[in-house]
Amino acid sequence: MAVLNVEVVTRETVVWRGEAKYVRARTAEGQLGILPGHVATMALLAEDGELVIDPVDGQRYTSRLQEGFLTVAQNHVVIAAKSSSDAEKEPSAA
């Protein structure tokens, strides 16, 4: 089964890192849903938007992100945000 390797980072820390089945983020253009095999993409995040990650194992992860960008390439998703509502928590290992 194909999975996404996901990293969510801010300037200060790694907020979430692990394998996921699905990622959804709010971009400047609207909601973007990402599944394994997604075409290569780069997008600006909305000024204030929700991030949802469905990990391969474990509970759904949600966070509020402030500005930034995301990239998708070869099942690797990197989300770099100015800040996250979970930036003070320990990184997850899904």
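Under the numbering used here, the first residue of the sequence shown carries the number 169, and numbering increases by one thereafter. Even for Gly, the Cβ is constructed at its ideal location relative to N, Cα and C. The structure presented is a predicted model; accordingly, all values stated were derived computationally and were not measured.
- In this structure, S253 places its C-beta atom within 7 Å of the C-beta atom of R232.
- The DSSP-derived three-state label of R232 is strand.
- The beta carbon of Q242 sits closer than 8 Å to the beta carbons of A208 from its chain, once the five residues preceding and following it are set aside; these are given in chain order.
- Contact between L212 and A249 does not hold, since the beta-carbon distance rounds to 11 Å and is not under 8 Å.
- Distance from the CA of S251 to the CA of A196, rounded to the nearest whole angstrom, comes to 16 Å.
- In the structure shown, N173 falls within a strand segment according to DSSP collapsed to helix, strand and coil.
- For E218, DSSP records a beta bridge to R232.
- By the CB criterion at 7 Å, L172 and V246 fall outside the cutoff.
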